[in-house]
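Trainee: Can you read through this structure? Questions will come right after.
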Amino acid sequence: MTPALLIALLAAGPAHADDAPLTRAWILYGAWPGADYGAALSTAGDVDGDGHPDLAVGAPFDDVDGEARGRVVVYLARPAGAGYAGESWMATGAVDHGHYGGALAGGGDLDGDGFDDLVVASTYQDRRVDVYVGSAAGLSEKPAWTATASGGRFGWAVALLPPADGEAYAALAIGDAAAGDGGQVHLYPGGPGGPADEATLLLGDDDHPVGAVLDPAGDVDGDGLPDLLCAPGAESATGAGAIFAGQGGGELSPVPSYHLARPADASGFGVSASGAGDLDGDGYDEVVIGADGLGGPETAGRGMALVWRGAATGPGGQPDQVLSDDTDDSMFGSAVEGAGDVDGDGFDDLVVGRPAWSGDYPHEGGIVLFLGSADGPLPEPAWTAGSGVSADDRGGSWIGLGLALAAAGDVDLDGYADLAVGVSNVGGESYDERLG
2 MTPALLIALL AAGPAHADDA PLTRAWILYG AWPGADYGAA LSTAGDVDGD GHPDLAVGAP
62 FDDVDGEARG RVVVYLARPA GAGYAGESWM ATGAVDHGHY GGALAGGGDL DGDGFDDLVV
122 ASTYQDRRVD VYVGSAAGLS EKPAWTATAS GGRFGWAVAL LPPADGEAYA ALAIGDAAAG
182 DGGQVHLYPG GPGGPADEAT LLLGDDDHPV GAVLDPAGDV DGDGLPDLLC APGAESATGA
242 GAIFAGQGGG ELSPVPSYHL ARPADASGFG VSASGAGDLD GDGYDEVVIG ADGLGGPETA
302 GRGMALVWRG AATGPGGQPD QVLSDDTDDS MFGSAVEGAG DVDGDGFDDL VVGRPAWSGD
362 YPHEGGIVLF LGSADGPLPE PAWTAGSGVS ADDRGGSWIG LGLALAAAGD VDLDGYADLA
422 VGVSNVGGES YDERLG
């Protein structure tokens, strides 16, 4: 089995009627059969200070150094927009079934040295979160900072929050959905020595469980302070979403500031979440929560992506928009990602994964692009793509294109945002994904 990661890049100008706004540029292949390479993705930010965005890829079931210990790989961007270099940096887990690399967070500078740092977490037995620091030579060989826990689900979700306006340090959020009555988020503000030694605890409750899914929310209320988005995860049958508002100095409100209601028909609500950027161009950031449609009696895995628009008073309780799929069993909403402005029109755009979608081929998986506008994401997709590979031909139940998404920055330096898409469930020989 040769799992693959797809990198889809914007065409060299604004999309026109006959042009695809995203085109496939490179494919990165994992060399570890059964490792779930591409199941976790994150921009690594700029870990070596060369001005180009780098990429981190998790392979949490990698068995090379032990059973399902996991591995994470970083690809450095080449100069002059020439794509990615080979595997520039690698780290492996130390505990069997630790699933190291199952959660990643990058693009933040925790120690204020001008180089972005990378957060790598184990998402099963190990309950460990490591921070590798950037430098002119790239990421450190060993973790510069580590946090562990003896139980629960510590580290199953991680996020890096950018500094507030006028500040210098990112902050690290680590989720533990099994702690307390409604989960916890451990918040470590950054500083000259990296993350703080002691965490501030952010608490959820039965109605708004936290810690399962985390993402930087951007600035949803326009106060210049970064906020944190929490979704309840796939295992919660009733939980709603929550946003913790920024307070400056790397701190957040200790209890949710904004509550995001769970629609009754949103089966699988909270399996994914994204701070999606400014989708409507009003200066306030939007948040999106995915519901993959699994578990509902009538939804047939159809799924949805729910959008809350930012405002001076913060997002309202009910979603402002619901984007849906018209295909049964596609798992639309399994991943949602603010893609940046892929077509150069001044509005940020949204990508939604549907990893079990059947298009031209059975269960080939796919992604859907919704362009931003003054009214929020346009309800009709601007562009869709599938893997072009039949699950029947690969010996699996589904291919998995779109199960993981990451905004990759402007890798090819053409002025347009690029996107990384994981394909973690591929069997057989390597193949060539074609987008657009």
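Letter by letter, the sequence shown follows residues 2 to 437 in my numbering.
Even glycine gets a Cβ: it sits at the ideal position worked out from N, Cα and C.
Remember, predicted model here, so these are calculated numbers, not experimental data.
With F270 as the anchor, note down where its beta strand (DSSP E) starts and where it stops.
Mentor: Per DSSP, F270 belongs to the beta strand (DSSP E) from 270–278.
Trainee: On the three-pair Cβ rule with 8 angstroms, is the region 168–184 touching the region 54–68?
Mentor: No: the two stretches stay apart, fewer than three of their Cβ pairs being nearer than 8 angstroms.
Trainee: Report the residue from V221, Y101, H100, G139 whose alpha carbon sits nearest the alpha carbon of D114.
Mentor: For D114, the nearest C-alpha among the options comes from G139.
Trainee: With H, G and I counted as helix, E and B as strand and the rest as coil, what does DSSP make of P190?
Mentor: Correct three-state label for P190: strand.
Trainee: Please report how far the alpha carbon of P193 lies from the alpha carbon of D112, in whole angstroms.
Mentor: Distance between the alpha carbons of P193 and D112: 5 angstroms.
Trainee: Does DSSP put D394 in a helix, in a strand, or in coil?
Mentor: DSSP places D394 in helix when its eight states are reduced to three.
Trainee: For the beta strand (DSSP E) containing I175, name the first residue and the last one.
Mentor: That run of the beta strand (DSSP E) goes 172–177.
Trainee: Taking the alpha carbon of G153 as the reference point, which residue from A165, K143, Q185 has its own alpha carbon closest?
Mentor: Minimum Cα distance to G153 is reached at Q185.
Trainee: To the nearest whole angstrom, what separates the beta carbons of G294 and G304, a pair I think is in contact under 8 angstroms?
Mentor: That belief holds up - the Cβ atoms of G294 and G304 are roughly 4 angstroms apart, short of 8 angstroms.
Trainee: Assuming the contact rule is C-beta atoms closer than 8 angstroms, Y417 and V343 should be a hit. Round their C-beta distance to whole Å, please.
Mentor: Y417 to V343, Cβ: 6 angstroms. Contact.
Trainee: So L280 packs on G318, CB below 8 angstroms; how close in whole Å?
Mentor: Not really, about 19 angstroms apart at Cβ, beyond 8 angstroms.
Trainee: Suppose you measure from the CA of G14 to the CA of G345; what does that come to, to the nearest Å?
Mentor: Because G14 sits at a pLDDT of 42, beneath the cut-off of 50, its placement in the model cannot be relied upon, and the following sentence gives the value as read from the coordinates. Answer to the nearest angstrom: the Cα atoms are 8 angstroms apart.
Trainee: Report back the beta-carbon spacing between G403 and G354 to the nearest angstrom; my notes put them in contact at under 8 angstroms.
Mentor: Their Cβ separation, rounded to whole angstroms, is 3 angstroms, which keeps G403 and G354 in contact under 8 angstroms.
Trainee: Considering only the beta carbon of each residue, do P316 and V221 sit closer than 7 angstroms?
Mentor: Yes, they are a contact pair.
Trainee: To which residues of the same chain is A313 closer than 8 angstroms at the C-beta, ignoring the five residues directly before and after it?
Mentor: Hits under 8 angstroms: D222, G223, Y285.
Trainee: Do D198 and G183 have their CB atoms nearer than 7 angstroms?
Mentor: In this structure, G183 does not lie closer than 7 angstroms to D198 by Cβ.
Trainee: Which first and last residues belong to the beta strand (DSSP E) in which S123 is found?
Mentor: Residues 118–123.
Trainee: Can you give the Cα-Cα distance for D433 and G334, rounded to whole angstroms?
Mentor: For D433, the predicted model reports a pLDDT of 30, less than 50, meaning its position is unreliable and no value from the coordinates is stated.
Trainee: Measure the beta-carbon distance from G234 to G271 and round it to whole angstroms, keeping in mind my assumption that it falls under 8 angstroms.
Mentor: 5 angstroms between Cβ atoms; contact.
Trainee: Starting from D228, trace the beta strand (DSSP E) in both directions and tell me its first and last residue.
Mentor: It spans 228–232 - the beta strand (DSSP E) in which D228 sits, taken as one unbroken run.
Trainee: Going by DSSP, what residues sit across from I244 in a beta bridge?
Mentor: I244 is bridged to L230, Y259.
Trainee: Kindly provide the ranges of any alpha helix (DSSP H) runs that are 4 or more residues long and lie completely inside the region 356–426, ordered along the chain.
Mentor: List check, alpha helix (DSSP H) in window: 392–395.
Trainee: Classify P217 as helix, strand or coil using the three-state DSSP reduction.
Mentor: Strand.
Trainee: Distance, Cα to Cα, L161 vs L202?
Mentor: Answer to the nearest angstrom: the Cα atoms are 16 angstroms apart.
Trainee: Specify, as a first and last residue, the run of the beta strand (DSSP E) that A86 falls within.
Mentor: A86 -> beta strand (DSSP E) spans 85–93.
Trainee: Does the beta-carbon distance from G35 to P61 come in below 7 angstroms?
Mentor: Going by C-beta atoms, G35 is not nearer than 7 angstroms to P61.
Trainee: Within 10 angstroms of the Cβ of T124, are there 16 or more other Cβ atoms? Answer buried if so, exposed if not.
Mentor: Buried is the call here.
Trainee: Nearest by alpha-carbon distance to V369: which of S398, Y189, L226, T328 is it?
Mentor: Cα-wise, what sits closest to V369 is T328.
Trainee: Count the other CB atoms, across all protein chains shown, that sit within 10 Å of the CB of A238; report buried if there are 16 or more and exposed otherwise.
Mentor: Under this definition A238 is an exposed residue.
Trainee: Whose C-beta lies closer than 7 angstroms to the C-beta of T44 among residues of the same chain, with five residues either side of it excluded?
Mentor: Same-chain partners within the cutoff: P54, L56, G107, G108, A407, A408, A409, G410.
Trainee: Among A95, L42, G249, D376, whose alpha-carbon lies nearest the alpha-carbon of V120?
Mentor: The residue with the shortest Cα to Cα distance from V120 is L42.
Trainee: Taking only the alpha-carbon atoms, compute the straight-line gap between A165 and G225 and give it to the nearest angstrom.
Mentor: Looking at the two C-alpha atoms, the distance is approximately 6 angstroms.
Trainee: Ordered along the chain, which non-local residues of its own chain (more than five positions away) have a Cβ less than 8 angstroms from that of L379?
Mentor: Closer than 8 angstroms at Cβ, skipping near neighbours: F371, L372, G373.
Trainee: Residues in the same chain with beta-carbon distance under 7 angstroms from A172, minus the five sequence neighbours each way, listed in chain order, please.
Mentor: Within the same chain, A172 has close Cβ partners L162, L188, Y189, P190, G191, G251.
Trainee: Do you know offhand how far H364's Cα is from Y38's?
Mentor: Using only the alpha carbons, I get a separation of about 19 angstroms.
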